[in-house]
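At position 208 of the sequence shown the residue is numbered 208 (the UniProt record's numbering), and the sequence of numbers has no breaks.
We put the beta carbon where it would ideally sit given N, CA and C, even for glycine.
Below you'll find the structure, written out as structure tokens, and then a few comments.
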Amino acid sequence: MSENARTDWPYPRPEQPPVPKPGDAAHTVNVWLVPNFSMLTLFCLLEPLRVANRFGRELFAWRLLSADGDPVVASNGVRIEVEGVLAEHALGDLLMVISSYEAEVSVTSAERAVLRHVAAHGGRVGGLDTAPFILARAGLLDQHRVALHWESVPAFRAEFPHISVSEARFEFAGQRLTGSGGAAGIDMMLQWIEHDYGPALANAVGRQLVHQRVSEEEAWKAGAARTLEDLPRSVVRALAVMETHLDQVLSIPEICRLIGQSQRQLTRLFMAHFGETPKQCYVGMRLDYARRLLADSRCRVTEAALTSGFAHLAHFSRVYQARFGERPSATAERGTV
């Protein structure tokens, strides 16, 4: 340490943080990487554990797993080597599943059985981003509040109406951990560190990661403000009306009447901020909603069309293919096991 180092720093800071092997640390996290997983989510999960080790003790070890022991390609195209096969190394302090796009494409009944085996033996099981779909289809999330990526919430609610979906970035309670992925993994691991080793260590890790821990309410308000602060009030109100009427479609004149804005002025504002007319934006929102339903659940094409406000299947297929470059049936096929 330098001569100018703070004398009140609560933990030593070795130059090289220890990276213990599984079994040599107080806790071992097994991480199952599902093809097309989010690299950001993986890093945000592991970095708090690495930094915690930096402050003096070998607290956390981790092991990357795949279904067959082969390397896994992330959603950004990077190929990641793993250290074992899921079925052989699933038991530990925590089994965390990380997925992102098309989470169910490669998941088999045998792998869901592994998850159930871990849970039956008292193991903690978690999932980030879209992985809660995998856990729910394995029957592990009944009677649990679930957090997952916001884009996947409509499809999750449609497939699992009996499971309570949380608005929080993560849910960490008992033997199930779920979260929205990305930076939420940092907060989830900081909470684990605080629970087992106290707030001083958790706060020290957060400072080292230059990560400001905030309450869920503060984080939501900040995110909403950043998203909407530059938009005119009438545009925000129009978007809110559209978002709440994805299935029962309203006409643009009716939306203008509800928000107290002329159609000409609203069109001018939408073109200025989005480069689209209100109608084009509304259709795009409904198509995006349909795509989430098809990609993240076992929803049929006809059901997705009706749920997103398209009464005519041929028209739905045509505009869907124009927006996404594939037929809705192709998206649906990837969303099934």
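Per DSSP, cross-strand counterpart(s) of residue i
{"i": "Phe172", "result": "Leu177"}
{"i": "Ala61", "result": "Thr28"}
{"i": "Ile80", "result": "Val72"}
{"i": "Ser66", "result": "Val85"}
{"i": "Leu33", "result": "Ile98"}
Closer than 7 Å: residue i CB and nearest the ligand ADP heavy atom
{"i": "Leu294", "result": "Here there are no bound small molecules, and the ligand ADP is not part of this structure."}
Environment of residue i [buried if 16+ CB atoms lie within 10 Å]
{"i": "Trp150", "result": "exposed"}
{"i": "Thr331", "result": "buried"}
{"i": "Gly181", "result": "buried"}
{"i": "Gly77", "result": "exposed"}
{"i": "Ser251", "result": "exposed"}
{"i": "Arg79", "result": "exposed"}
{"i": "Glu81", "result": "exposed"}
{"i": "Gln261", "result": "buried"}
{"i": "Gly23", "result": "exposed"}
{"i": "Gly206", "result": "buried"}
{"i": "Ala184", "result": "buried"}
{"i": "Ala311", "result": "exposed"}
{"i": "Ser329", "result": "exposed"}
{"i": "Glu333", "result": "exposed"}
{"i": "Glu243", "result": "exposed"}
{"i": "Leu287", "result": "buried"}
{"i": "Arg137", "result": "buried"}
{"i": "Glu167", "result": "exposed"}
{"i": "Thr302", "result": "exposed"}
{"i": "Pro253", "result": "exposed"}
{"i": "Ala74", "result": "buried"}
{"i": "Glu326", "result": "exposed"}
{"i": "Ala61", "result": "buried"}
{"i": "Leu313", "result": "exposed"}
{"i": "Gly127", "result": "buried"}
Limits of the unbroken alpha helix (DSSP H) element including residue i
{"i": "Val241", "result": "233 to 243"}
{"i": "Ser317", "result": "313 to 324"}
{"i": "His211", "result": "Here His211 belongs to no alpha helix (DSSP H), and DSSP marks it neither H nor E."}
{"i": "Gly185", "result": "184 to 197"}
{"i": "Val263", "result": "Note that residue 263 corresponds to Gln in the displayed sequence, not to Val. Run containing Gln263: 263 to 274, per the alpha helix (DSSP H) assignment."}
{"i": "Ala52", "result": "39 to 54"}
{"i": "Arg257", "result": "252 to 259"}
{"i": "Ala304", "result": "301 to 307"}
Residue range of the beta strand (DSSP E) that includes residue i
{"i": "Ser246", "result": "Strictly speaking, residue 246 in this sequence is Leu, with Ser absent from that position. Neither: Leu246 is in no beta strand (DSSP E) and is coded neither H nor E."}
{"i": "Leu86", "result": "From DSSP, Leu86 is part of no beta strand (DSSP E) but of the alpha helix (DSSP H) over 86 to 89."}
{"i": "Leu94", "result": "94 to 99"}
C-beta contact flag for residue i and residue j at 8 Å
{"i": "Pro154", "j": "Arg292", "result": "yes"}
{"i": "Gln208", "j": "Val51", "result": "yes"}
{"i": "Asp142", "j": "Ile163", "result": "yes"}
{"i": "Thr178", "j": "Val210", "result": "no"}
{"i": "Leu49", "j": "Met189", "result": "yes"}
{"i": "Phe55", "j": "Ala204", "result": "yes"}
{"i": "Arg116", "j": "His144", "result": "no"}
{"i": "Ser100", "j": "Leu86", "result": "no"}
{"i": "Ala322", "j": "Pro278", "result": "no"}
{"i": "Cys256", "j": "Gln248", "result": "no"}
{"i": "Leu95", "j": "Val118", "result": "yes"}
{"i": "Asn53", "j": "Gly92", "result": "no"}
{"i": "Val97", "j": "Leu135", "result": "yes"}
{"i": "Ala305", "j": "Ala290", "result": "yes"}
{"i": "Phe270", "j": "Val235", "result": "yes"}
{"i": "Cys299", "j": "Ala158", "result": "yes"}
{"i": "Ala131", "j": "Val114", "result": "no"}
{"i": "Leu266", "j": "Gly309", "result": "no"}
{"i": "Arg63", "j": "Thr108", "result": "no"}
{"i": "Val125", "j": "Leu140", "result": "yes"}
Residue-level contact to chain C via CB, residue i, 8 Å cutoff
{"i": "Arg286", "result": "Annotation note: the requested chain C is absent from the structure, which comprises a single protein chain."}
Where are the beta strand (DSSP E) runs, 3 residues long or more, that stay fully inside the region 119 to 173, in chain order?
If we require 3 residues or more, the beta strand (DSSP E) runs fully inside the region 119 to 173 come out as 124 to 129, 170 to 173.
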